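What follows is a single structure, written as structure tokens, with notes after it.
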Amino acid sequence: MILSAKDPTFEVTQLPALPPAKTVLMVRPTYFDVEYVINPHMEGQIGTVDQSRAMDQWQAIHDTLVSLGLDVKVLDGVEGLPDMVFCANQSLPYINQEGDPHAVMSHMHSHHRADEVNHIAQWHESRGVATVDLPQAGDFEGMGDALWHPGRRLLWGGYGYRTDLSMYEAISTLVDAPVAVLELVDPSFYHLDTCFCLLNESSVMIYPPAFTSQGLELIESMFDRVFHIGEEDAMERFALNAFCPNGRDVLLQSGSSETISTLQSAGFVTHEHDTSEFIKSGGSVFCMKLQTWA
Ligand code: ARG
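If you're matching positions, the sequence shown starts at 547 in our numbering and goes up one per residue.
Below is the structure:
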């Protein structure tokens, strides 16, 4: 496990290659709503979701992903599970060194979301993906907190709100890759995917106040380019919950002007999407999809 900038005994470019995951799952927001409060963004939002706007916003993201050549699979939402649309959270897909697809299943922090995990496990299994249970008790919220480094067998692991640090030792063994762990220290940035956006093998965007100084040092030591994004885009627009599926195109909340100009000056192509209905629940583009190798 990699805890600080002094720990890595390798260069990222020396790690085994990880092929791109070209299949993407999305869960239709038929039953999406804010029905309880489990993060600061949900406060005051109970019952405020406009379902038909949410469906249109979701469909637009779906269509952009299809237009970028991804193989998008759609699963219906389940009544009574309003957060299931955030399908990055219930599992962590991986391939072993032989290339066989697997998924580690999550232990959701909140009981409100616990039943989502079985539905996503069934979906993986129906497609021939072996699901793997964590060998110990404790919280782990899948690709909300555990993010694959683009192109390399290295996992970035956020912890502090939804995932326990103690889970990453076991996860590292299961997925057969080192885990670089980052403590999260601001409750508004409760998942790593809210403040840390991987763009390609050498570039990442971050919201620095969400991390400790040790975490920031580690990030700076592992990337050539670390783009710092300010509070307005990161907090109000969830701009770092962006999704870059191919090292070039980036889908993100519309109106994130600082982030968009940072990305465009660095040569990325931006795709603006209104995700305002989902931001009421504390999510945007990244957490509304799951990438898998099957
Ligand atoms: N309401 C959901 C929750 O609090 C939102 C999850 C968003 N997911 C994410 N990876 N940021 O659990």
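The beta-carbon is built from N, C-alpha and C at its ideal position, and this holds for glycine as well. Note that the coordinates shown come from a computational prediction; the quantities given were computed from them, not determined experimentally.
Just the Cα atoms here: how many angstroms apart are Leu700 and Leu720?
-> So the two alpha carbons sit approximately 13 Å from each other.
From Ser749 to Ile765, what distance separates their C-alpha atoms?
-> 10 Å
Go through the region 578-653 residue by residue and report every complete run of the beta strand (DSSP E) that reaches 3 residues or more, in order.
-> 617-621, 637-641 and 647-651
Name the DSSP bridge partner or partners of Phe556?
-> According to DSSP, which records beta bridges pairwise, Phe556 is partnered with nothing at all.
Does the Cβ of His737 lie closer than 8 Å to at least one heavy atom of the ligand ARG?
-> yes
N- and C-terminal bounds of the beta strand (DSSP E) containing Phe757 = For Phe757, no beta strand (DSSP E) run applies, since DSSP gives it neither H nor E.
Hey, is Ser734 close to the ligand ARG, as in C-beta under 8 Å from one of its heavy atoms?
-> No, the beta carbon of Ser734 sits no closer than 8 Å to any heavy atom of the ligand ARG.
If you draw a straight line from the alpha carbon of His774 to that of Phe832, how long is it in whole angstroms?
-> Whole-angstrom Cα-Cα distance: 18 Å.
In terms of DSSP beta bridges, what is Gln837 paired with?
-> Val570
When Asp629, Ser712, Phe814 and His648 are compared against Leu745, the one with the closest alpha-carbon = Relative to the Cα of Leu745, the nearest Cα in the group Asp629, Ser712, Phe814 and His648 belongs to Phe814.
Any heavy atom of the ligand ARG closer than 8 Å to the Cβ of Ala634?
-> Flag set: Cβ of Ala634 near the ligand ARG.
If you scan the region 677-722 from start to end, which runs of the beta strand (DSSP E) of 3 or more residues do you find wholly inside it?
-> 692-694 and 701-705
Nearest neighbour of Gly684, chosen from Tyr714, Leu693, Met781 and Ile548 [CA to CA] | Tyr714
Closer than 8 Å: is that where the CB of Arg708 sits relative to any heavy atom of the ligand ARG?
-> yes
Span of the beta strand (DSSP E) around Ile752 | Ser749 to Ile752
Please confirm whether any heavy atom of the ligand ARG lies closer than 8 Å to the CB of Ile752.
-> no
Close beta carbons around Ala660, own chain, < 6 Å, minus the five adjacent residues each side | Met654
Provide the residue span of the alpha helix (DSSP H) that contains His670, from first to last.
-> Glu662 to Ser672
Specify whether the region 639-655 and the region 592-602 touch according to this definition: at least 3 beta carbon pairs, one from each stretch, less than 8 Å apart.
-> no
Under 6 Å Cβ to Cβ from Phe742, same chain only, skipping five residues before and after it: list those, please.
-> Ile752
Could you check the C-alpha separation between Glu625 and Pro575 for me, to the nearest Å?
-> 10 Å
Tell whether a beta-carbon distance below 9 Å holds between Gln597 and Val580.
-> no
Mapping DSSP to helix, strand and coil, what is Leu744?
-> strand
According to DSSP, is Ile765 helix, strand or coil?
-> helix
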